[in-house]
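One structure is given below, encoded as structure tokens.
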């Protein structure tokens with residue numbers, strides 16, 4: 159109930175500020191561009207195979223949808239810090255955090271409310287890309303199941319980055335600092351899996367296991383792998399747990 | 447209603463609140479008075495469960511802030527120094543949000559909001575965005591927020607800071623009107639505020655309580671002595687030095703101290719303090735006139751809370767400890 163109150167308030171302020179529209183517009187533009195590029199590649203490949211006469215297997219899911227999902231997951235890394243940066247930083251700057259913390263509600267309800275609002279905005283943002291996906295159904299017959307798995311993967315990956323971003327937002331009073339720090343962490347979690355491309359040691363594998371993007375690969379293929387689901391769900395838990403600790407420590411340090 | 451015992455709050459570098467104890471009875475308005483940085487806000491934050499105490503205990507309505515914070519929070523309305531407002535919300539929307547946070551039952555919420563808007567006279571801005579409100583309105587919306595769930599205890603941190611004189615008077619009247627239903631602690635560094643609104647005063651300086659007493663008792667403490675403002679001007683353009691006048695005034699019987707204040711256009715002002723129980727004004731007037739000077743002004747200056755306050759808080763540390771010891775005795779029912 160209190161979670162819902164907080165969540166509603168956060169969503170209201172997202173959609174009353176330029177943040178929600180900025181994020182959605184930016185996402186629509188970039189994902190639309192990626193969609194266009196993927197389609198052009200696909201069309202060229204099909205023309206080529208009809209000219210040469212070699213019948214290559216063509217798949218919309220494999221050649222259009224999968225690269226789009228990979229691209230969207232990378233765009234998420236850039237946009238998620240913009241969604242989370244104000245969650246707590248702004249409340250700390252204006253002092254409204256005192257209102258929340260001295261109200262008879264639990265810290266967990268505050269945190270869940272804010273994270274769920276961020277998730278909702280992220281989901282709406284992903285919804286913009288459904289327009290591109292819908293046109294595929296108009297002109298082709300892609301399989302919807304891998305597509306659903308892909309969206310589930312995007313939500314899980316987004317949820318874990320949003321939880322981390324929420325945590326970072328509790329650490330500062332300055333939205334911009336929270337945004338930049340969140341972006342750096344997202345970027346780091348992305349490039350961690352490059353380790354495994356030039357090294358084959360156990361430590362390199364362990365480090366690249368931590369990469370957020372690496373776990374998205376199976377989802378983009380339409381494969382539900384329990385290992386990756388566990389990774390995302392536990393990352394969400396860790397992010398929200400750190401947020402709770404950080405919110406509590408505000409009072410001990412303040 | 448509020449019971450604080452041996453409360454200490456230590457930050458990494460310094461002690462903000464050092465072993466303070468006090469008690470507030472139900473329905474009282476208590477002024478928390480002290481210079482900036484004395485520990486007023488810290489104490490209030492402990493009472494509202496925002497900060498945990500380093501040691502000592504604080505109880506609100508019988509509930510400990512550390513052990514049953516939820517129960518304490520339900521019974522407290524808190525207005526921090528800067529009102530916790532969301533600029534992007536409309537006033538009514540903000541109050542609905544706070545009402546839900548504070549657990550006001552849904553069926554009562556609308557009526558309750560109308561009541562507090564009436565009480566705080568913010569009904570005319572109910573649909574306005576908070577970011578567009580003037581400072582005075584913001585403060586009143588903050589106050590409305592604090593009383594919305596009809597809490598037993600109201601904690602107001604500098605409720606009149608940054609307001610213009612008219613708004614200050616309105617806010618004070620509003621706070622006075624709230625007494626009785628609520629137990630109120632308000633902090634301020636403005637003395638007349640305490641004299642005008644509060645029944646009890648707790649003076650705090652450098653993290654320690656230096657005095658807890660009723661406003662009347664504190665002022666009567668120094669009532670025996672009299673302080674008189676005198677303004678003297680030379681007659682017929684004869685030159686007149688401040689030392690000359692001062693020496694003459696000091697010779698008046700019953701005078702304990704003469705301090706020169708200022709001289710402007712040849713007019714000299716002094717503050718003269720009497721010994722205990724001496725009425726010196728007639729003698730002073732006679733002395734000035736007999737000396738052949740003009741007596742422009744002569745009036746008694748009541749020893750205000752201000753002077754007691756300065757005496758208690760401006761003194762060096764060991765003096766404060768001494769003051770603490772002497773003030774605790776007449777505190778009587780408070781400590």
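Chains as they are written, first to last, in this note's numbering: chain C, 159 to 412; chain D, 447 to 781.
For every residue, glycine included, the Cβ atom is placed at its ideal position computed from N, Cα and C.
Annotation note: the segment 643-699 of chain D contains the following uninterrupted alpha helix (DSSP H) runs of length 4 or greater, listed N- to C-terminal: 661-666, 688-696.
In summary, residue 464(D) is buried, with 16 or more beta-carbon neighbours lying within 10 Å of its beta-carbon over all protein chains present. Per DSSP, reduced to three states, the secondary structure at residue 472(D) is coil, with no helix or strand assignment. Taking 9 Å as the threshold, the shortest C-beta distance from residue 332(C) to chain D does not fall below it. Its chain contains 698 as the residues whose beta carbon lies nearer than 6 Å to that of residue 729(D), once the 5 sequence neighbours on both sides are disregarded; these appear in chain order. Secondary structure at residue 634(D): strand, using DSSP grouped into helix, strand and coil.
In the structure shown, residue 521(D) adopts coil according to DSSP, grouped into three states. Across the set 687(D), 486(D), 500(D), the C-alpha of 486(D) shows the shortest separation from the C-alpha of residue 656(D).
Sorting 524(D), 642(D), 623(D), 691(D) by C-alpha distance to the C-alpha of residue 564(D) places 623(D) at the top.
Looking at the DSSP output, residue 743(D) bridges to 677(D).
Here the alpha carbon of residue 248(C) sits roughly 37 Å from the alpha carbon of residue 646(D).
Cα atoms of residue 644(D) and residue 520(D): separation of roughly 24 Å, rounded to the nearest angstrom. The beta-carbon of residue 495(D) is placed less than 9 Å from the nearest beta-carbon of chain C. In terms of CA proximity to residue 325(C), 270(C) leads the group 270(C), 187(C), 191(C).
Counting along the chain, the unbroken beta strand (DSSP E) around residue 505(D) starts and ends at 501-506. Straight through space, the alpha carbons of residue 242(C) and residue 318(C) are spaced by roughly 12 Å. The shortest CA-to-CA distance from residue 393(C) to any of 371(C), 184(C), 382(C) is the one to 371(C). It is roughly 59 Å from the alpha-carbon of residue 570(D) to the alpha-carbon of residue 691(D). With a cut-off of 8 Å on Cβ pairs, the segment 295-309 of chain C is in contact with the segment 212-228 of chain C, counting three or more such pairs. Not one beta carbon of chain D lies nearer than 9 Å to the beta carbon of residue 205(C). Classified as buried, residue 733(D) has 16 or more neighbouring CB atoms from the shown chains inside 10 Å of its CB. Under a 10 Å Cβ-count criterion, residue 273(C) is classified as buried, with 16 or more other Cβ atoms of the shown protein chains found around its own Cβ. Bounds of the beta strand (DSSP E) holding residue 716(D) are 713-720. With respect to chain D, the C-beta atom of residue 253(C) has a partner C-beta closer than 9 Å.
Among the CB atoms of chain C, one or more fall inside 9 Å of the CB of residue 531(D). By the rule that beta-carbons nearer than 9 Å mark a contact, residue 516(D) touches chain C. With at least 16 other beta carbons inside 10 angstroms of its own, residue 504(D) counts as buried. The segment 285-295 of chain C and the segment 249-256 of chain C do not touch, with fewer than 3 CB-CB distances between them shorter than 8 Å.
For the pair residue 452(D) and residue 525(D), the CB atoms are not nearer than the 9 Å cut-off.
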